[in-house]
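Please read the structure below before turning to the comments.
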């Protein structure tokens, strides 16, 4: 094995967790070491963590591991939930114990196809290809005009020292990825938005955020698929429904998808809302 070959090493093994290192070939930014942890979450669940400061690369590691596991999915794997830097795995205790399940995960991490896929992703990300390995691309319309609906656009403008038009333009030009889903059916956590419009959550959350609200908080942006409480700053609204008609996928947006927002007028927004409503009749 050459010095620059990608290699997985076990660093530590205990009853509660396994620590591993994935050492990738040297590139323009030097040799990259990815620290991985397989932790016991309960008597029938494991969590795999990709301990990386760079969120995008960590998320790609989790996506590639999810693919490797699903390609060899054992009958005892009941559920898998990928997130920002982690993968939750639930197993059937009647078919396998946690140690057998952990051994299976380690075997997936050791597969040459997984290691080389992560190495290829790293090279692509270093080259600026942020959309590498994304599942699907979506263009989502957003009306940023002040409708008769709650909006924090002017507040965000004031706190970021940008004009409203600059906030909108920055939000629309951000190259976004679905890092995780949850909180509500159809809710997807998108990131990372440009640093110039990053703003903390509201100090006082709203009791009701309308369906379709497009909001930001810290490095993230999201669309509220249904009316719910929420503490993010609302920039605009989309007429697109995020609840999928596919019974196997509750959300239109899936982890790994790529998102691009684009601006529409209030007139276009109302027209598209009307078209959506007619489809549901």
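Residue numbers (my numbering): 18 to 298. Glycine included, each C-beta is placed from N, C-alpha and C at the ideal position.
Under a Cβ-count criterion, where at least 16 other Cβ atoms within 10 Å of its own Cβ denotes burial, should residue i be classed as buried or exposed?
| i | result |
| --- | --- |
| residue 116 | exposed |
| residue 99 | buried |
| residue 23 | buried |
| residue 230 | buried |
| residue 60 | exposed |
| residue 52 | exposed |
| residue 203 | buried |
| residue 273 | buried |
| residue 156 | exposed |
| residue 205 | buried |
| residue 37 | buried |
| residue 80 | buried |
| residue 46 | Legend: pLDDT at residue 46 = 47, less than 50; position of this residue unreliable, no value from coordinates given. |
| residue 130 | exposed |
| residue 178 | exposed |
For residue i, I'd like the list of residues in its chain whose CB is within less than 8 Å of its CB, leaving aside the five on either flank, ordered along the chain.
| i | result |
| --- | --- |
| residue 58 | 64, 105 |
| residue 160 | 253, 254, 255, 256, 280, 281, 282, 283, 285, 286 |
| residue 69 | 51, 52, 75, 78, 102 |
| residue 291 | none |
From what residue to what residue does the beta strand (DSSP E) around residue i run?
| i | result |
| --- | --- |
| residue 280 | 275-281 |
| residue 160 | 154-160 |
| residue 240 | 237-240 |
| residue 234 | 230-234 |
| residue 32 | Per DSSP, residue 32 belongs to no beta strand (DSSP E) and is neither H nor E. |
| residue 64 | 62-68 |
| residue 49 | 49-59 |
| residue 206 | 205-208 |
| residue 96 | 94-99 |
| residue 225 | 223-226 |
| residue 245 | 245-247 |
| residue 108 | 103-108 |
Once the 5 residues before and after residue i are set aside, which same chain residues still bring their CB inside 6 Å of it?
| i | result |
| --- | --- |
| residue 30 | none |
| residue 211 | 187, 191 |
| residue 97 | 106 |
| residue 303 | Residue 303 is absent from the structure shown; the chain starts at 18 and stops at 298. |
| residue 248 | 218, 219, 222 |
| residue 251 | 167, 168, 169, 230, 232 |
| residue 193 | 207, 276 |
| residue 238 | 207, 210 |
| residue 197 | 100, 101, 206 |
| residue 153 | 274 |
| residue 35 | 55 |
Check for me: the alpha helix (DSSP H) holding residue i runs from which residue to which?
| i | result |
| --- | --- |
| residue 299 | Residue coverage of the chain in this structure runs from 18 to 298, which leaves residue 299 outside it and unanswerable. |
| residue 116 | 115-127 |
| residue 88 | 72-88 |
| residue 170 | 170-177 |
I think residue i touches residue j, with their Cβ atoms under 8 Å apart; what is that distance to the nearest whole Å?
| i | j | result |
| --- | --- | --- |
| residue 173 | residue 214 | 7 Å |
| residue 39 | residue 142 | Contact doesn't hold; Cβ gap of about 15 Å is too wide. |
| residue 125 | residue 89 | 7 Å |
| residue 216 | residue 183 | The Cβ separation is near 14 Å, so there is no contact. |
| residue 121 | residue 91 | 6 Å |
Between which residues of its own chain and residue i is the CB-CB distance below 7 Å, once the five residues before and five after are set aside?
| i | result |
| --- | --- |
| residue 300 | With the chain covering only 18 through 298, there is no way to say anything about residue 300. |
| residue 109 | 93, 95 |
| residue 294 | none |
| residue 185 | 161, 280 |
Exercise. Are the stretch 225-238 and the stretch 161-175 touching by the rule of at least three beta carbon pairs closer than 8 Å?
Worked result: yes
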